[in-house]
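**Student:** Position one of the sequence shown corresponds to residue 425 (the numbering used here), numbered consecutively onward. Attaching a single structure in C-alpha coordinates format; questions to follow.
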Amino acid sequence: MDFLRILEQALGELIAPTTAAYALAAIGLNLHFGYTGLLNMGQAGFMLLGAYGFAISTIAGAPFFVALLVAIIAGALFALLLGIPTLKLRGDYLAIVTISAAEIIRMVGRSTVFNEQTGGSSGLTGNSFKETFLGLSPLPDGRSAIGPLEYLNNGSDSWWVRIVAWSVVLIAVLLVWLLTRSPWGRVLKGIREDEDAVRSLGKNVYAYKMQALILGGVAGSVAGVLFVLPRAVQPDSMGRSMTFFIWTILLLGGAATVWGPVIGSMIFFSVYMLLRAGMRSALPDAVSSAQIEQIGGMLVGITLMCLVIFRPQGIFGDKKELSFNVR
(Lines of atoms letter the chains of each structure in order from A and count residues from 1; the text may use other names and numbers.)
(Lines give C-alpha, C1' and ligand atoms only; values in the text may rest on other atoms or scores of the structure.)
Protein backbone atom coordinates (compact mmCIF):
# COMPACT_ATOMS: atom_id res chain seq x y z
CA MET A 1 0.00 0.00 0.00
CA ASP A 2 2.83 2.40 0.83
CA PHE A 3 4.40 1.65 -2.55
CA LEU A 4 1.13 2.47 -4.33
CA ARG A 5 0.83 5.69 -2.36
CA ILE A 6 4.37 6.68 -3.38
CA LEU A 7 3.58 5.95 -7.03
CA GLU A 8 0.44 8.07 -6.74
CA GLN A 9 2.49 10.94 -5.34
CA ALA A 10 4.99 10.58 -8.18
CA LEU A 11 2.12 10.72 -10.67
CA GLY A 12 0.86 13.86 -8.95
CA GLU A 13 4.27 15.47 -9.41
CA LEU A 14 3.91 15.13 -13.19
CA ILE A 15 1.13 17.73 -13.22
CA ALA A 16 2.03 19.72 -10.09
CA PRO A 17 2.11 23.54 -10.36
CA THR A 18 5.71 23.49 -9.15
CA THR A 19 6.66 21.18 -12.02
CA ALA A 20 4.97 23.57 -14.46
CA ALA A 21 6.75 26.59 -12.93
CA TYR A 22 10.16 24.93 -13.28
CA ALA A 23 9.31 23.85 -16.83
CA LEU A 24 8.51 27.45 -17.78
CA ALA A 25 11.70 28.72 -16.11
CA ALA A 26 13.68 26.08 -18.03
CA ILE A 27 12.00 27.20 -21.27
CA GLY A 28 13.29 30.71 -20.58
CA LEU A 29 16.76 29.37 -19.79
CA ASN A 30 16.57 27.35 -23.01
CA LEU A 31 16.15 30.58 -24.98
CA HIS A 32 19.23 31.92 -23.21
CA PHE A 33 21.55 28.96 -23.32
CA GLY A 34 20.10 26.38 -25.68
CA TYR A 35 19.36 28.69 -28.59
CA THR A 36 21.62 31.72 -28.01
CA GLY A 37 24.52 30.36 -25.98
CA LEU A 38 24.08 32.79 -23.06
CA LEU A 39 25.22 31.44 -19.70
CA ASN A 40 22.53 32.65 -17.31
CA MET A 41 23.29 31.31 -13.82
CA GLY A 42 20.65 33.37 -12.05
CA GLN A 43 17.28 32.32 -13.44
CA ALA A 44 16.00 32.08 -9.87
CA GLY A 45 16.55 35.84 -9.62
CA PHE A 46 14.10 36.44 -12.46
CA MET A 47 11.61 34.12 -10.76
CA LEU A 48 11.93 35.84 -7.38
CA LEU A 49 11.63 39.28 -8.94
CA GLY A 50 8.51 38.23 -10.83
CA ALA A 51 7.01 36.74 -7.68
CA TYR A 52 7.68 39.92 -5.69
CA GLY A 53 6.35 42.14 -8.48
CA PHE A 54 3.12 40.15 -8.67
CA ALA A 55 2.60 39.77 -4.92
CA ILE A 56 3.46 43.34 -3.91
CA SER A 57 1.28 44.78 -6.70
CA THR A 58 -1.64 42.59 -5.70
CA ILE A 59 -1.31 43.54 -2.04
CA ALA A 60 -1.28 47.20 -3.11
CA GLY A 61 -4.67 46.65 -4.76
CA ALA A 62 -3.79 45.93 -8.38
CA PRO A 63 -6.05 43.53 -10.35
CA PHE A 64 -4.59 40.18 -11.37
CA PHE A 65 -3.61 41.08 -14.93
CA VAL A 66 -2.08 44.40 -13.87
CA ALA A 67 -0.01 42.59 -11.23
CA LEU A 68 1.03 40.03 -13.84
CA LEU A 69 2.07 42.85 -16.17
CA VAL A 70 4.18 44.34 -13.35
CA ALA A 71 5.93 40.97 -12.95
CA ILE A 72 6.61 40.81 -16.71
CA ILE A 73 7.97 44.37 -16.80
CA ALA A 74 10.17 43.65 -13.78
CA GLY A 75 11.69 40.64 -15.52
CA ALA A 76 12.27 42.61 -18.73
CA LEU A 77 13.92 45.53 -16.91
CA PHE A 78 16.09 43.14 -14.90
CA ALA A 79 17.28 41.47 -18.11
CA LEU A 80 17.97 44.87 -19.66
CA LEU A 81 19.94 45.96 -16.60
CA LEU A 82 22.05 42.79 -16.68
CA GLY A 83 22.53 42.73 -20.44
CA ILE A 84 23.67 46.29 -21.09
CA PRO A 85 27.09 45.95 -19.38
CA THR A 86 27.76 42.28 -20.17
CA LEU A 87 26.46 41.16 -23.57
CA LYS A 88 29.31 42.78 -25.48
CA LEU A 89 31.78 40.79 -23.36
CA ARG A 90 32.57 37.07 -23.17
CA GLY A 91 29.75 34.78 -22.09
CA ASP A 92 31.23 33.96 -18.70
CA TYR A 93 30.81 37.59 -17.64
CA LEU A 94 27.04 37.14 -17.96
CA ALA A 95 27.24 34.04 -15.77
CA ILE A 96 29.09 35.95 -13.04
CA VAL A 97 26.72 38.92 -13.20
CA THR A 98 23.50 36.88 -13.20
CA ILE A 99 24.38 34.65 -10.26
CA SER A 100 25.50 37.70 -8.28
CA ALA A 101 22.40 39.71 -9.19
CA ALA A 102 20.10 36.84 -8.23
CA GLU A 103 21.75 36.70 -4.81
CA ILE A 104 21.40 40.47 -4.44
CA ILE A 105 17.66 40.23 -5.09
CA ARG A 106 17.34 37.42 -2.55
CA MET A 107 19.29 39.33 0.09
CA VAL A 108 17.35 42.55 -0.54
CA GLY A 109 14.10 40.58 -0.29
CA ARG A 110 14.99 39.12 3.10
CA SER A 111 16.46 42.39 4.41
CA THR A 112 14.66 44.12 7.27
CA VAL A 113 15.05 47.45 5.44
CA PHE A 114 12.22 46.47 3.07
CA ASN A 115 10.35 44.37 5.60
CA GLU A 116 7.10 46.27 5.03
CA GLN A 117 7.13 45.53 1.29
CA THR A 118 8.73 42.07 1.08
CA GLY A 119 8.06 40.60 4.50
CA GLY A 120 11.79 40.13 5.14
CA SER A 121 13.03 36.60 5.64
CA SER A 122 9.48 35.44 6.48
CA GLY A 123 8.24 36.50 3.06
CA LEU A 124 4.67 37.26 1.99
CA THR A 125 1.87 34.89 2.96
CA GLY A 126 -0.17 33.39 0.15
CA ASN A 127 -3.50 34.65 1.49
CA SER A 128 -2.31 38.22 0.98
CA PHE A 129 -2.00 37.99 -2.83
CA LYS A 130 -3.91 34.97 -4.17
CA GLU A 131 -7.50 36.19 -3.99
CA THR A 132 -7.47 38.03 -7.33
CA PHE A 133 -6.22 34.90 -9.10
CA LEU A 134 -8.61 32.53 -7.34
CA GLY A 135 -11.48 34.89 -8.11
CA LEU A 136 -10.99 34.24 -11.84
CA SER A 137 -11.77 30.53 -11.52
CA PRO A 138 -14.88 29.33 -13.38
CA LEU A 139 -14.77 25.98 -11.57
CA PRO A 140 -17.40 25.13 -8.93
CA ASP A 141 -16.37 24.67 -5.34
CA GLY A 142 -15.66 21.16 -4.11
CA ARG A 143 -13.27 18.40 -5.10
CA SER A 144 -12.77 16.50 -8.35
CA ALA A 145 -10.88 13.33 -9.17
CA ILE A 146 -9.22 12.21 -12.39
CA GLY A 147 -8.10 8.63 -11.94
CA PRO A 148 -6.13 8.34 -8.71
CA LEU A 149 -5.56 12.11 -8.50
CA GLU A 150 -8.01 14.14 -6.43
CA TYR A 151 -7.70 17.85 -5.60
CA LEU A 152 -9.84 20.81 -4.68
CA ASN A 153 -11.32 22.61 -7.66
CA ASN A 154 -10.27 25.98 -6.21
CA GLY A 155 -7.59 26.94 -3.74
CA SER A 156 -3.84 26.97 -3.45
CA ASP A 157 -3.32 23.29 -4.32
CA SER A 158 -6.16 22.91 -6.79
CA TRP A 159 -7.12 21.92 -10.30
CA TRP A 160 -7.53 25.61 -11.17
CA VAL A 161 -3.87 26.36 -10.40
CA ARG A 162 -2.79 23.29 -12.40
CA ILE A 163 -4.95 24.18 -15.40
CA VAL A 164 -3.61 27.73 -15.56
CA ALA A 165 0.02 26.74 -14.93
CA TRP A 166 0.14 24.07 -17.62
CA SER A 167 -1.82 26.24 -20.07
CA VAL A 168 0.88 28.91 -19.71
CA VAL A 169 3.57 26.27 -20.28
CA LEU A 170 1.86 25.05 -23.46
CA ILE A 171 1.55 28.63 -24.75
CA ALA A 172 5.26 29.16 -24.05
CA VAL A 173 6.14 25.95 -25.90
CA LEU A 174 4.11 27.10 -28.91
CA LEU A 175 5.78 30.52 -28.89
CA VAL A 176 9.26 29.00 -28.68
CA TRP A 177 8.42 26.60 -31.50
CA LEU A 178 7.29 29.49 -33.70
CA LEU A 179 10.17 31.79 -32.78
CA THR A 180 12.97 29.28 -33.19
CA ARG A 181 11.73 28.29 -36.66
CA SER A 182 11.57 31.89 -37.79
CA PRO A 183 14.47 33.86 -39.33
CA TRP A 184 14.94 35.44 -35.88
CA GLY A 185 15.42 32.02 -34.32
CA ARG A 186 17.90 30.95 -37.00
CA VAL A 187 19.97 34.05 -36.24
CA LEU A 188 19.99 33.07 -32.55
CA LYS A 189 21.35 29.64 -33.43
CA GLY A 190 23.96 31.26 -35.63
CA ILE A 191 25.07 33.45 -32.72
CA ARG A 192 25.34 30.37 -30.53
CA GLU A 193 27.59 28.67 -33.08
CA ASP A 194 29.73 31.59 -34.28
CA GLU A 195 28.69 35.13 -33.46
CA ASP A 196 31.56 36.62 -35.47
CA ALA A 197 30.22 34.97 -38.61
CA VAL A 198 26.74 36.34 -37.90
CA ARG A 199 28.19 39.78 -37.26
CA SER A 200 30.01 39.63 -40.60
CA LEU A 201 26.62 39.19 -42.31
CA GLY A 202 25.53 42.57 -40.98
CA LYS A 203 23.39 41.33 -38.09
CA ASN A 204 23.31 43.26 -34.81
CA VAL A 205 24.45 40.45 -32.51
CA TYR A 206 24.14 42.59 -29.39
CA ALA A 207 20.48 43.39 -30.15
CA TYR A 208 19.61 39.75 -30.79
CA LYS A 209 21.28 38.67 -27.56
CA MET A 210 19.40 41.35 -25.63
CA GLN A 211 16.09 40.26 -27.15
CA ALA A 212 16.73 36.63 -26.20
CA LEU A 213 17.79 37.63 -22.68
CA ILE A 214 14.64 39.70 -22.19
CA LEU A 215 12.29 37.00 -23.55
CA GLY A 216 13.89 34.29 -21.40
CA GLY A 217 13.84 36.60 -18.39
CA VAL A 218 10.14 37.33 -18.87
CA ALA A 219 9.47 33.58 -19.01
CA GLY A 220 11.40 33.27 -15.73
CA SER A 221 9.41 36.06 -14.06
CA VAL A 222 6.08 34.49 -15.09
CA ALA A 223 7.40 31.15 -13.81
CA GLY A 224 8.00 32.87 -10.48
CA VAL A 225 4.35 33.88 -10.38
CA LEU A 226 3.27 30.30 -11.09
CA PHE A 227 5.69 29.04 -8.44
CA VAL A 228 4.18 31.15 -5.64
CA LEU A 229 0.50 30.67 -6.49
CA PRO A 230 0.33 27.42 -4.44
CA ARG A 231 2.51 28.83 -1.63
CA ALA A 232 4.01 31.97 -0.08
CA VAL A 233 6.72 34.24 -1.46
CA GLN A 234 9.76 33.17 0.54
CA PRO A 235 13.14 34.49 -0.69
CA ASP A 236 15.25 31.63 0.64
CA SER A 237 13.17 29.11 -1.32
CA MET A 238 14.25 30.79 -4.58
CA GLY A 239 18.02 30.84 -4.25
CA ARG A 240 21.01 29.20 -5.91
CA SER A 241 19.66 25.68 -5.55
CA MET A 242 16.63 26.66 -7.63
CA THR A 243 18.87 27.80 -10.49
CA PHE A 244 20.80 24.53 -10.34
CA PHE A 245 17.54 22.58 -10.40
CA ILE A 246 16.49 24.53 -13.51
CA TRP A 247 19.82 23.78 -15.20
CA THR A 248 19.47 20.09 -14.33
CA ILE A 249 15.97 20.05 -15.81
CA LEU A 250 17.11 21.74 -19.00
CA LEU A 251 20.11 19.47 -19.51
CA LEU A 252 18.09 16.40 -18.59
CA GLY A 253 15.40 17.03 -21.19
CA GLY A 254 17.76 18.51 -23.74
CA ALA A 255 18.82 22.07 -24.47
CA ALA A 256 17.87 23.57 -27.85
CA THR A 257 14.76 21.37 -27.99
CA VAL A 258 11.16 22.55 -27.75
CA TRP A 259 9.80 19.87 -25.41
CA GLY A 260 13.02 19.09 -23.55
CA PRO A 261 12.46 21.53 -20.64
CA VAL A 262 8.89 20.29 -20.12
CA ILE A 263 9.70 16.57 -20.19
CA GLY A 264 12.85 17.21 -18.16
CA SER A 265 10.85 18.94 -15.42
CA MET A 266 8.28 16.15 -15.26
CA ILE A 267 10.95 13.44 -15.08
CA PHE A 268 13.07 15.38 -12.61
CA PHE A 269 10.36 16.00 -10.02
CA SER A 270 8.83 12.54 -10.29
CA VAL A 271 12.19 10.84 -9.79
CA TYR A 272 13.22 13.35 -7.13
CA MET A 273 10.05 12.62 -5.16
CA LEU A 274 10.59 8.85 -5.52
CA LEU A 275 14.16 9.22 -4.25
CA ARG A 276 13.11 11.22 -1.20
CA ALA A 277 10.26 8.85 -0.41
CA GLY A 278 12.57 5.86 -0.85
CA MET A 279 15.20 7.39 1.44
CA ARG A 280 12.60 8.07 4.12
CA SER A 281 11.61 4.41 4.03
CA ALA A 282 15.10 2.92 3.75
CA LEU A 283 17.19 5.18 5.98
CA PRO A 284 17.14 4.87 9.79
CA ASP A 285 14.77 7.06 11.80
CA ALA A 286 17.79 8.93 13.14
CA VAL A 287 18.14 10.59 9.73
CA SER A 288 15.96 13.71 9.80
CA SER A 289 13.87 15.13 6.97
CA ALA A 290 16.30 18.05 6.66
CA GLN A 291 19.18 15.62 6.18
CA ILE A 292 17.21 13.72 3.56
CA GLU A 293 16.66 16.99 1.69
CA GLN A 294 20.39 17.67 1.86
CA ILE A 295 21.17 14.21 0.50
CA GLY A 296 18.65 14.84 -2.27
CA GLY A 297 20.40 18.10 -3.10
CA MET A 298 23.75 16.30 -3.32
CA LEU A 299 22.23 13.74 -5.68
CA VAL A 300 20.94 16.55 -7.89
CA GLY A 301 24.45 18.03 -7.99
CA ILE A 302 25.94 14.68 -8.94
CA THR A 303 23.27 14.27 -11.63
CA LEU A 304 24.08 17.70 -13.06
CA MET A 305 27.81 16.89 -13.22
CA CYS A 306 27.15 13.54 -14.91
CA LEU A 307 24.86 15.16 -17.48
CA VAL A 308 27.46 17.77 -18.37
CA ILE A 309 30.21 15.16 -18.64
CA PHE A 310 28.50 12.17 -20.24
CA ARG A 311 25.34 13.42 -21.97
CA PRO A 312 25.26 17.20 -22.33
CA GLN A 313 22.63 16.96 -25.06
CA GLY A 314 20.11 15.41 -22.64
CA ILE A 315 17.42 12.90 -23.52
CA PHE A 316 16.04 14.60 -26.64
CA GLY A 317 18.89 16.91 -27.61
CA ASP A 318 21.35 16.69 -30.45
CA LYS A 319 24.98 16.77 -29.33
CA LYS A 320 25.96 18.59 -32.54
CA GLU A 321 23.76 21.53 -31.48
CA LEU A 322 25.17 21.93 -27.98
CA SER A 323 28.53 23.23 -26.91
CA PHE A 324 29.81 24.42 -23.55
CA ASN A 325 32.56 26.46 -25.19
CA VAL A 326 32.19 30.06 -24.02
CA ARG A 327 33.51 32.77 -26.32
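We put the beta carbon where it would ideally sit given N, CA and C, even for glycine. In this text the structure is predicted, and so the values were computed from the model without any measurement.
What three-state label does DSSP hand A656 in the structure shown?
**Tutor:** coil
**Student:** Less than 8 Å between C-beta atoms, sequence neighbours within five positions excluded: which residues of the same chain meet that for L707?
**Tutor:** Within the same chain, L707 has close Cβ partners I716.
**Student:** I'd like the span of the beta strand (DSSP E) that includes I483, first residue to last.
**Tutor:** Not the beta strand (DSSP E): I483 falls in the alpha helix (DSSP H), residues 467 to 483.
**Student:** Would the beta-carbon of T460 fall within 9 Å of that of A647?
**Tutor:** no
**Student:** Between the segment 472 to 480 and the segment 677 to 695, can you find at least three pairs of beta-carbon atoms closer than 8 Å?
**Tutor:** The segment 677 to 695 is not in contact with the segment 472 to 480.
**Student:** Using CA atoms only, rank isn't needed, just tell me which of L428, Q433, D426 is closest to V695.
**Tutor:** Q433
**Student:** Could you check what DSSP says for A569 in three-state terms: helix, strand or coil?
**Tutor:** Per DSSP, reduced to three states, the secondary structure at A569 is strand.
**Student:** Using the Cα positions of L573 and G579, report the straight-line distance between them to the nearest angstrom.
**Tutor:** For L573 and G579, the distance between alpha carbons rounds to 16 Å.
**Student:** Have a look at D823 and Y575 and give me their C-alpha separation to the nearest angstrom.
**Tutor:** The structure shown does not extend to residue 823, since the chain is modelled only from 425 through 751, so no value can be given for it.
**Student:** For S712, does the three-state DSSP call read helix, strand or coil?
**Tutor:** coil
**Student:** Please check the pair R534 and M662, which I expect to be a contact at CB under 8 Å, by giving their CB distance rounded to whole angstroms.
**Tutor:** So it is not a contact: roughly 11 Å between Cβ atoms.
**Student:** So I439 packs on W683, CB below 8 Å; how close in whole Å?
**Tutor:** That belief does not hold up - the Cβ atoms of I439 and W683 are roughly 16 Å apart, past 8 Å.
**Student:** Find the nearest neighbour of M634 within the set P654, V724, R664, I615, judged by alpha-carbon distance.
**Tutor:** I615
**Student:** To the nearest angstrom, how far is the alpha carbon of R514 from that of M465?
**Tutor:** 14 Å
**Student:** Can you tell me the Cβ-Cβ gap for A503 and G641, rounded? I've got them flagged as a contact below 8 Å.
**Tutor:** 3 Å
**Student:** Looking at the C-beta of F668, does it have a partner C-beta in chain B at a distance below 9 Å?
**Tutor:** Here there is only one protein chain, and chain B is not present.
**Student:** Just to confirm before moving on: does the CB-CB distance between V769 and A450 stay below 9 Å?
**Tutor:** What is shown of the chain runs 425 to 751, which leaves residue 769 out entirely.
**Student:** Going straight from the alpha carbon of N577 to that of S568, what length do you get?
**Tutor:** 6 Å
**Student:** Look up E574 in the DSSP assignment and give the residues it is bridged to.
**Tutor:** Partner(s): A569.
**Student:** Could you have a look at L548 and say whether DSSP puts it in helix, strand or coil?
**Tutor:** Of the three classes helix, strand and coil, the one that applies to L548 here is strand, per DSSP.
**Student:** Just the C-alpha distance for I587 and V732, rounded to the nearest angstrom, thanks.
**Tutor:** A direct Cα-Cα distance of roughly 33 Å separates I587 from V732.
**Student:** Going by C-alpha to C-alpha distance, which of V652, L674, S606 sits closest to V585?
**Tutor:** V652
**Student:** Can you look up S689 in the DSSP assignment and give me helix, strand or coil?
**Tutor:** helix
**Student:** What would DSSP say about S582, mapped onto helix, strand or coil?
**Tutor:** For S582, the three-state secondary structure derived from DSSP is strand.
**Student:** Counting only the same chain and skipping the five closest in sequence on each side, list residues whose C-beta sits under 8 Å from that of A621.
**Tutor:** Correct list, in chain order: G614.
**Student:** Is I439 helix, strand or coil by DSSP?
**Tutor:** Here DSSP, grouped into helix, strand and coil, assigns I439 to coil.
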